[in-house]
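Asker: Note that the working numbering has the sequence shown beginning at 9, numbered continuously upward.
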Amino acid sequence: MEQSGGLEERLRSLHEEIREWPGLEHLHRIAVATYDARGERVRTFAHSNIGPRPFDPLSGRLCDYPLLQAVAETGRPWIDNAIAPAPGSTGPGGRLLKQGFRSRYVSRIHWQGDLYGFLFLNSRQEGFFTEPIVSALMPYRRVIGVLVASEMTSTRAMLAAVHTALEVSHYRDEETGAHLNRMSRYAQLVAAKIASKHDLSDEFIEYVLQYAPLHDVGKVAVPDSILLKPGKLSPDEFEVMKTHVTKGLDIINAMIHDHGLGALPHAAILRNVVGCHHEAFDGSGYPNGLSGAAIPLEARIVAVADVFDALTSERPYKGAWTNEAAADFLREQAGRKFDPDCVAALLADMSAVVAIQQQFHDTPPGLPVRGR
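1) In chain order, what residues of the same chain have a beta carbon less than 8 Å from the beta carbon of isoleucine 152, not counting five sequence neighbours either side?
2) Go through the segment 76-145 residue by residue and report every complete run of the beta strand (DSSP E) that reaches 3 residues or more, in order.
3) Would isoleucine 87 and phenylalanine 53 be called neighbours here (beta carbons separated by less than 8 Å)?
4) Taking C-beta to C-beta, are valine 282 and valine 225 nearer than 8 Å?
5) Using DSSP with H/G/I as helix, E/B as strand and the rest coil, what is serine 299?
6) Verify whether the separation of the beta carbon atoms of valine 310 and histidine 187 is less than 8 Å.
7) Got a sec? Which residues, its chain only, sit under 7 Å from glutamine 196 by beta carbon, not counting five neighbours each side?
8) For the pair the segment 297-317 and the segment 329-346, tell me if three or more CB-CB distances fall below 8 Å.
9) Which ranges would you report for the alpha helix (DSSP H) in the segment 324-368 if only whole runs of at least 4 residues count?
10) Need the endpoints of the beta strand (DSSP E) that serine 321 sits in, please.
11) I need the boundaries of the beta strand (DSSP E) containing histidine 43, first residue and last residue.
12) Do proline 295 and valine 253 have their CB atoms nearer than 8 Å?
13) Report the three-state DSSP secondary structure of tyrosine 153 (helix, strand or coil).
14) Grab the span of the alpha helix (DSSP H) containing histidine 23 for me, first residue to last.
15) Leaving out five residues before and five after alanine 157 in sequence, what residues of the same chain have Cβ atoms less than 7 Å from its Cβ?
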């Protein structure tokens with residue numbers, strides 16, 4: 009299910025073009041990692057490799073990577089033409105060396121005063137990044153930087169626009185703050201676990217993480233009398249609640265139009281997350297009664313992440329389930345409400361789930377508001 013037309017596809021095309029030039033055929037790897045200033049985190053975003061991928065995607069705080077921090081602060085690229093990690097090192101240098109890489113070049117992607125991420129170039133040829141090679145690569149380095157900055161600027165603009173809409177609309181429910189942080193990271197965890205089976209790119213996983221928190225944006229259009237009702241909804245009230253899906257799509261489409269975001273990266277992922285996260289694997293969901301593989305994978309991922317966090321979170325109208333009880337519910341509903349692969353992926357690494365819960369714990373809840 010490799011996504012087409014995204015940064016990774018363009019990166020691969022550029023890589024092919026670069027390797028056609030004499031002397032540059034030994035550039036064996038290009039990778040891009042993005043920087044999220046809110047959490048000061050670095051994540052692999054796209055890559056193009058000649059041969060097997062050297063290691064799992066990079067993901068961590070910028071301060072955990074002194075080399076990247078130095079490149080970010082000074083603006084000076086870092087060149088290593090004879091990779092030799094320190095004894096016992098388990099960092100990227102050692103893993104690159106195990107895959108046969110001998111030279112590496114790291115530069116920051118910086119645009120209009122903002123750090124957007126990092127560019128990694130690698131070769132299996134020792135001493136590859138000579139001054140003439142670096143000069144020949146400079147135009148491509150700039151092109152990649154512009155592509156990344158352009159793509160991330162559009163995404164940031166969309167996220168900022170939605171955040172503003174939620175603020176203006178007094179969107180006060182459990183889907184602010186910690187809940188959205190947790191469920192989006194559960195979604196990222198699931199996507200990463202099933203990436204090999206479904207041929208998912210780092211770029212797809214990143215946009216699932218970015219867009220998952222927007223799944224219920226349509227609730228801003230649901231009347232408070234229904235959204236804030238502490239008791240059970242009547243059938244008629246539930247029908248109104250269900251309209252938050254189509255209203256969410258209307259909001260997203262309006263924002264894309266009004267903010268000039270027609271080129272928003274992977275807008276289809278965002279629309280699918282918003283429009284299909286209440287579809288059920290057995291066809292019993294809404295609004296379109298889709299089933300199985302007809303439900304976009306990103307929506308199946310978000311559905312599992314959202315429900316797990318809703319169950320394990322305390323609300324004024326309910327207590328928090330234990331992780332074990334929530335896991336049992338997901339297993340029971342796998343193949344009914346939820347994609348079995350997505351359920352298995354989330355429950356396969358409960359230590360990661362607990363780490364997310366510890367990092368993004370709840371503050372005391374406010375008014376009782378309808379979730380699912």
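Even for Gly, the Cβ is constructed at its ideal location relative to N, Cα and C. Since we're looking at a predicted model, the values are computed, not measured.
Answerer: Looking at the atomic coordinates:
1) For isoleucine 152, the CB contacts under 8 Å within the same chain, skipping 5 residues up- and downstream, are Leu19, Leu22, Ile38, Val40, Ile117, Leu127 in chain order.
2) Entirely contained in the segment 76-145, the beta strand (DSSP E) runs reaching 3 residues are, in chain order, 86-88, 111-119, 122-131.
3) The Cβ-Cβ distance between isoleucine 87 and phenylalanine 53 does not fall below 8 Å.
4) Going by C-beta atoms, valine 282 is nearer than 8 Å to valine 225.
5) Residue state, collapsed to three classes: coil.
6) If you check the CB distance, valine 310 and histidine 187 do not come in under 8 Å.
7) These residues qualify, in order along the chain: Ile213, Val216, Leu217.
8) Because the criterion of three Cβ pairs below 8 Å is met, the segment 297-317 and the segment 329-346 touch.
9) Within the segment 324-368, complete alpha helix (DSSP H) segments of at least 4 residues are found at 331-341, 348-355, 358-367, given in chain order.
10) Per DSSP, serine 321 is not a residue of any beta strand (DSSP E), being assigned neither H nor E.
11) As written in the sequence, residue 43 is tyrosine, which differs from the histidine given in the question. Residues 37-44.
12) Contact: yes.
13) The residue you asked about is not tyrosine; residue 153 is glycine in the sequence shown. Taken through DSSP and simplified to helix, strand or coil, glycine 153 comes out as helix.
14) Start and end: 15-27.
15) Excluding sequence positions up to five before and after alanine 157, its CB lies within less than 7 Å of the CB of Ile117, Trp119, Tyr124, all in the same chain and listed in chain order.
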